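Under my numbering, the letters of the sequence shown match residues 3 to 243, in that order. Cβ coordinates follow ideal geometry from the N, Cα and C atoms, glycine included. As the structure is a prediction and not an experimental result, all values here were calculated from the model. Down below is the structure, laid out as structure tokens.
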Amino acid sequence: MASLEDYIERTQDSKTADDLFRQFDIFVGQFGVDVSSYHIVSENLRAIPIEVGLVRETFPKDWVQQYISQHYAQIDPVIDQARREARPFHWFDVKDRIKLSAQQKHFLDELREAGLTDGLAVPVFGPKGTMAYFGLGVVDGELNITEAEELELQFACLQTHNRYVDITQIMSDAPIKGLSPREAEALKLMATGLSNNFIAERMRVSENTVDTMVRRIYAKLRVNNRISAVLRGVGSGLILP
Numbered sequence: 003m004a005s006l007e008d009y010i011e012r013t014q015d016s017k018t019a020d021d022l023f024r025q026f027d028i029f030v031g032q033f034g035v036d037v038s039s040y041h042i043v044s045e046n047l048r049a050i051p052i053e054v055g056l057v058r059e060t061f062p063k064d065w066v067q068q069y070i071s072q073h074y075a076q077i078d079p080v081i082d083q084a085r086r087e088a089r090p091f092h093w094f095d096v097k098d099r100i101k102l103s104a105q106q107k108h109f110l111d112e113l114r115e116a117g118l119t120d121g122l123a124v125p126v127f128g129p130k131g132t133m134a135y136f137g138l139g140v141v142d143g144e145l146n147i148t149e150a151e152e153l154e155l156q157f158a159c160l161q162t163h164n165r166y167v168d169i170t171q172i173m174s175d176a177p178i179k180g181l182s183p184r185e186a187e188a189l190k191l192m193a194t195g196l197s198n199n200f201i202a203e204r205m206r207v208s209e210n211t212v213d214t215m216v217r218r219i220y221a222k223l224r225v226n227n228r229i230s231a232v233l234r235g236v237g238s239g240l241i242l243p
């Protein structure tokens, strides 16, 4: 098993966000983590909506689509509670920390039914007054780790957050750039789940043109995947849900 020191060294050598997250997946996978998400939840003590602050996730596609369509970001008790915590806690232990609404209880039931049977909520505090949340999940199993391992994962998440900010400098004061009408159209089609070749057919352009538009959308929204682009586009008011 790679040590935390090894992981920190590898992240320092990472030059891109993709490289960084590749190392992250390998490291947390050693602890039995199957899926993860990374959100920036506040900046300069100002809360950022969950769907706007999402940087990256590897959750099952069906669950992500359900999370979006059911507007679970508005009621997710795990991320909400993580804003108030300093140490990691297991997702389903949130019921012992706060009084859940009926909607929030339903959310946890749906989470289990989706096969996400255990997970760790990891809050971290980073540069420029940021706070981030990492969700480290297990599919059809349990996350059997010690308290010391929980803290090791928290340090790894903190290093990942700090390095991500270093690499991307996304926490600048510059607002998210607007999309062109064609880019907004492409993003709307992405939100329906269409692949680039079907988007090209709908827009009557080449697939290479769509690929270029998608890269520009990613750059403007400061994301690196389709789901994050859709969520940030909705959360920023650039497209309608």
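task: Could you tell me the distance, in whole angstroms, from the CA atom of ARG165 to the CA atom of ARG184?
output: 33 Å
message: Taking its Cβ as the centre, do 16 or more other Cβ atoms sit within 10 Å of PHE127, making it buried, or is it exposed?
response: exposed
field: ILE219 - containing alpha helix (DSSP H), residue span
entry: 209-223
- prompt: Leaving out the 5 sequence neighbours to the left and right, which residues in its chain are closer than 6 Å to GLU144 when beta-carbon positions are compared?
  reply: ASP120
message: Suppose contacts are defined by Cβ-Cβ distances below 9 Å. Is ILE42 in contact with HIS163 by that definition?
response: yes
- prompt: Where does ILE172 sit, in a helix, a strand or coil, going by DSSP?
  reply: Any reading at ILE172 must be qualified, since the residue scores a pLDDT of 45, below 50, and its modelled position is unreliable; the value itself is stated next. Reduced to three states, the DSSP call for ILE172 is coil.
- prompt: In three-state DSSP terms, what is PHE26?
  reply: helix
SER38 (DSSP reduced to helix, strand or coil): strand
- request: Could you pull the start and end residues of the beta strand (DSSP E) that TYR135 belongs to?
  value: 132-141
- request: Please specify which runs of the beta strand (DSSP E), each continuous and at least 3 residues long, are wholly inside the region 27-104, giving them in chain order.
  value: 37-45, 56-59
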